């Protein structure tokens, strides 16, 4: 009998064969292991993403939610509350407002990837994690250099750990909760620092923001800041690992983008479609919905399997082929609808600059290992280690 | 299904049947209408799905939210009284047969 368990290590490693069976045979599937419905076809996911009145995020959007988080962050609230939170933040993430970050991001990329000069074998994670944390620190205004509160590496390690889950218990383990608490504590200290001495940065603005004369409540500020750090570090880092994985695996695509870096944006879009790190998010039904002959009840949780929608042959011809000339418009690599990723513009910019600089130092490379250790996570997918060699 | 017609600045015309609840931005991006970008994915955060709605039909549309009005200040082409963001317009029977014109540029 067919089953789909988003906690299974096999799904962490390769969810795509299961996705195909879900789309073809069980397009509205109840997973007892996940205790939720799984929607896997592109059109169904888009429809659900549009209909936030029915598919609510207010009970949490991570497949395995963190305690006390639902309802206090952008991703885990519905309009109109969502819109007022987002209104405070999104200006900083608009493409035209990121131009000032281009030069600092390039400087970070040159410094970080410059370390690979002469290297023949290396773990891409070592460089991508350094790059990601530095970029996020600059973008959000986290204290760096002399005023840094913690080593950069700790931010990265905790961000990565807090999004994971335990395959046996199908829940967050103590180490994941500890990482979440660490991140909240860190965010709290940054907020206090910026409230005491505000600067012209995102967290200062957000920590002091008022809506109609009311300050945001402390829990919203704390958990939204925590989520921005988590999402920024983990999602950007995870996506860079997936992009490097694709380029290391597909020689033709790698040679094309190294020879002509102007092709990088198209290759990035195709990676977002082909195997985005943000594989699955969840919603909760506010009323009964009947779909493909199944009736999902009010109160049930529903998984939107973006990673499956992106491989739906009903939407994309030859979906299992990584084709950098595809230009896959409308892909779900950043989700969609009101909750589409806040960081699309900075992610595209940072990844493009990173790989331009990476390829100047390492123009040819391939994977060392056939089998990779994949992160245990019901929501995200990326390898924990990606050893590359220039030999 | 709701029939929607997009007319690009070049004159290229595309008519599609859009599923109930889908936004006009999604209709454009999934049907190869290049005059709409929709870079942010539909969260009303990039102003790259700007369109001009047939003026006679303006009354059939829900009025723009505060967020949409704020984002319309960022459009790259001329903002007009009938300017809307396609990600905020969802297909419904009220929109049947709607024609939208697309601007010269979105960026």
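Residue numbers (this note's numbering), protein chains in the order written: chain A, 1 to 391; chain B, 1 to 107. Don't be surprised by glycine CBs; every beta carbon is placed ideally from N, CA and C. Note that the structure is a prediction, hence the values are computed from the model and not measured.
Give the DSSP-derived three-state secondary structure of residue 294 of chain A in the structure shown. The answer is strand: DSSP assigns residue 294 of chain A an E or B state.
In chain order, what residues of the same chain lie with their CB nearer than 7 Å to the CB of residue 98 of chain A, ignoring the 5 residues before and after it? Within the same chain, residue 98 of chain A has close Cβ partners 345, 346, 349.
If you draw a straight line from the alpha carbon of residue 245 of chain A to that of residue 386 of chain A, how long is it in whole angstroms? Roughly 7 Å between the two C-alpha positions.
At a CB distance below 8 Å, what residues from the stretch 332-362 of chain A approach chain B? Give them in sequence order. For the stretch 332-362 of chain A, the set of residues with a beta-carbon nearer than 8 Å to any beta-carbon of chain B comprises 334, 335, 336, 337, 338, 339, 340, 341, 342, 344, 345, in chain order.
Kindly say whether residue 396 of chain A, judged by its beta-carbon, lies nearer than 7 Å to any beta-carbon of chain B. Because residue 396 of chain A is not part of the residues shown, which for chain A are 1 to 391, the question remains open.
Am I right that residue 327 of chain A and residue 370 of chain A are in contact with their C-beta atoms under 8 Å? What's the rounded C-beta distance? Actually they do not touch by this definition, with Cβ atoms about 30 Å apart.
Just how far apart, CA to CA, sit residue 270 of chain A and residue 197 of chain A? Straight-line Cα distance between these residues: approximately 43 Å.
Should residue 297 of chain A be labelled buried (16 or more other beta-carbon atoms within 10 Å of its own) or exposed? Label assigned to residue 297 of chain A: exposed.
Own chain, CB closer than 6 Å to residue 207 of chain A, minus 5 neighbours either side, in chain order: Cβ within range, chain order: 191, 194, 195, 221.
Given residue 44 of chain B as reference, the closest of B:89, B:95, B:103, B:52 once Cα atoms are compared: For residue 44 of chain B, the closest C-alpha among the options B:89, B:95, B:103, B:52 is that of B:89.
When A:134, A:95, A:100 are compared against residue 109 of chain A, the one with the closest alpha-carbon: Closest by alpha carbon: A:134.
Return the CA-CA distance between residue 48 of chain A and residue 305 of chain A, expressed in angstroms with no decimal places. Rounded to the nearest whole angstrom, the C-alpha separation of residue 48 of chain A and residue 305 of chain A is 11 Å.
Report the option in B:31, B:56, B:80, B:67 whose CA atom is closest to the CA atom of residue 338 of chain A. Considering only alpha carbons, the answer is B:67.
Alpha carbon to alpha carbon, what distance is there between residue 33 of chain B and residue 17 of chain B? If you draw a straight line from the Cα of residue 17 of chain B to the Cα of residue 33 of chain B, it comes to about 13 Å.
Neighbouring residues, chain B, relative to residue 83 of chain A (Cβ below 9 Å): Residues of chain B passing the Cβ test: 44, 65, 66, 67.
Would you mind telling me which residues of chain A sit closer than 8 Å to residue 21 of chain B, beta carbon to beta carbon, in chain order? Result: 47, 50, 51.
Below-7 Å beta-carbon distance, residue 330 of chain A vs any chain B residue: Taking CB atoms only, residue 330 of chain A has a neighbour in chain B less than 7 Å away.
Between the alpha carbons of residue 319 of chain A and residue 310 of chain A, how many angstroms are there, rounded? The straight-line gap from Cα to Cα measures roughly 8 Å.
Considering only residues of the same chain and omitting the five flanking positions on each side of residue 40 of chain B, which have a CB-CB separation below 6 Å? In the same chain as residue 40 of chain B, and ignoring 5 residues on each side of it, the C-beta atoms closer than 6 Å to its own belong to 46, in chain order.
Does the count of Cβ pairs from the stretch 21-29 of chain A and the stretch 3-12 of chain B closer than 8 Å reach three? Proximity of the stretch 21-29 of chain A to the stretch 3-12 of chain B falls short of the contact definition, fewer than three beta-carbon pairs being nearer than 8 Å.
Give the residues of chain B in contact with residue 90 of chain A, contact being defined as C-beta atoms less than 7 Å apart. Those are 45, listed as they occur along chain B.
Helix, strand or coil at residue 164 of chain A according to DSSP, with G and I counted as helix: Note: residue 164 of chain A maps to coil in three-state DSSP.
Whole runs of the alpha helix (DSSP H) within the stretch 31-98 of chain A, excluding any shorter than 4 residues: The alpha helix (DSSP H) runs of length 4 or more contained entirely in the stretch 31-98 of chain A are, from start to end of the chain, 42-50, 81-93.
So, is residue 340 of chain A buried or exposed, given that buried needs 16 or more other C-beta atoms within 10 angstroms? So residue 340 of chain A ends up on the buried side.
Over what stretch of residues does the beta strand (DSSP E) that includes residue 123 of chain A continue unbroken? Residue 123 of chain A -> beta strand (DSSP E) spans 121-123.
Start and end residues, beta strand (DSSP E) containing residue 266 of chain A: From DSSP, residue 266 of chain A is part of no beta strand (DSSP E) but of the alpha helix (DSSP H) over 264-275.
Could you list which residues in chain A have their beta carbon closer than 8 Å to that of residue 41 of chain B, in chain order? Listed along chain A, the residues sitting closer than 8 Å to residue 41 of chain B by beta-carbon distance are 334, 335, 336, 337, 340, 341, 344.
Residue(s) in a DSSP beta bridge with residue 3 of chain B: DSSP, once it has assigned bridges, lists B:17 as partnering residue 3 of chain B.
Taking the runs of the beta strand (DSSP E) that are 3 residues or longer, which of them lie wholly in the stretch 203-253 of chain A? No beta strand (DSSP E) of 3 residues or more sits fully in the stretch 203-253 of chain A.
Examine the Cβ distances between the stretch 246-265 of chain A and the stretch 137-157 of chain A and report whether three or more of them are shorter than 8 Å. Not touching, per the Cβ criterion.
Does residue 29 of chain B get closer than 7 Å to chain A when you measure Cβ to Cβ? Yes, its Cβ sits closer than 7 Å to a Cβ of chain A.
Am I right that residue 45 of chain A and residue 332 of chain A are in contact with their C-beta atoms under 8 Å? What's the rounded C-beta distance? Indeed they touch by this definition, with Cβ atoms about 6 Å apart.
Where do the ends of the alpha helix (DSSP H) carrying residue 356 of chain A lie? In this chain, the alpha helix (DSSP H) harbouring residue 356 of chain A covers 344-361.
Applying the 10 Å Cβ sphere with the 16-neighbour rule, what's the burial state of residue 81 of chain B? Residue 81 of chain B counts as exposed, since fewer than 16 other C-beta atoms from the protein chains shown sit within 10 angstroms of its C-beta.
Using a Cβ cut-off of 8 Å, pull out every chain B residue sitting near residue 43 of chain A, in sequence order please. Residues of chain B passing the Cβ test: 19.
Let me know the secondary structure DSSP gives residue 328 of chain A once reduced to three states. Here residue 328 of chain A sits in coil by DSSP.
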